[in-house]
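A.B. asks: Take this structure first; my questions come after.
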Amino acid sequence: MQNLLTYPVIIWPAENGYNVLVPDLGKNGLATQGTDLDNAIYMAHDLIGCMLSDTTNYPEATPLDKVVIPHEAKNAITMMVAINV
Numbered sequence: 008m009q010n011l012l013t014y015p016v017i018i019w020p021a022e023n024g025y026n027v028l029v030p031d032l033g034k035n036g037l038a039t040q041g042t043d044l045d046n047a048i049y050m051a052h053d054l055i056g057c058m059l060s061d062t063t064n065y066p067e068a069t070p071l072d073k074v075v076i077p078h079e080a081k082n083a084i085t086m087m088v089a090i091n092v
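Residue numbering for the sequence shown follows my numbering, starting at 8 and increasing by one per position.
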């Protein structure tokens, strides 16, 4: 049986690529980065998968329209990223 989980991700331009924040993971969200937009989405997917691989107690996903964008995330892209755990 497959477990498909979907979480919101915030991606915004950085000096050398893109910053990525997964607000539903960790106490204050977990961050990673990517060299370009495609790599940033891949890194978000990888971060979510790695953090949830050893648990079945998955955090509840925040609806996309309720995600709080950090002040430093100018020109942010918000999207949902799905993983199969």
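Where a beta carbon is used, it is the ideal one built from N, C-alpha and C, also for glycine. Small disclaimer: the values here were computed from a predicted structure and weren't measured.
#1: Could you give the DSSP three-state label for Y14: helix, strand or coil?
#2: To the nearest angstrom, how far is it from the Cα of S60 to the Cα of A47?
#3: Only counting the same chain, and skipping five residues up and downstream in sequence, which positions put a Cβ closer than 8 Å to that of G36?
#4: I think N10 touches N82, with their Cβ atoms under 8 Å apart; what is that distance to the nearest whole Å?
#5: Who are the near neighbours of I84 in its chain, counting only those whose CB is closer than 6 Å to its CB and skipping five residues on each side?
#6: Is it buried or exposed, N26, if we count other Cβ atoms within 10 angstroms and call 16 or more buried?
C.D. replies: Let me spell this out:
#1: Note: Y14 maps to strand in three-state DSSP.
#2: Cα to Cα, the separation comes out at about 20 Å.
#3: Excluding its 5 nearest sequence neighbours in each direction, G36 has C-beta neighbours in its own chain below 8 Å: L28, V29, P30, listed in chain order.
#4: Between N82 and N10 the Cβ distance is about 33 Å, and since that is not below 8 Å, they are no contact.
#5: Contacts found: I18.
#6: Classification of N26: buried, given that the 10 Å Cβ count is 16 or more.
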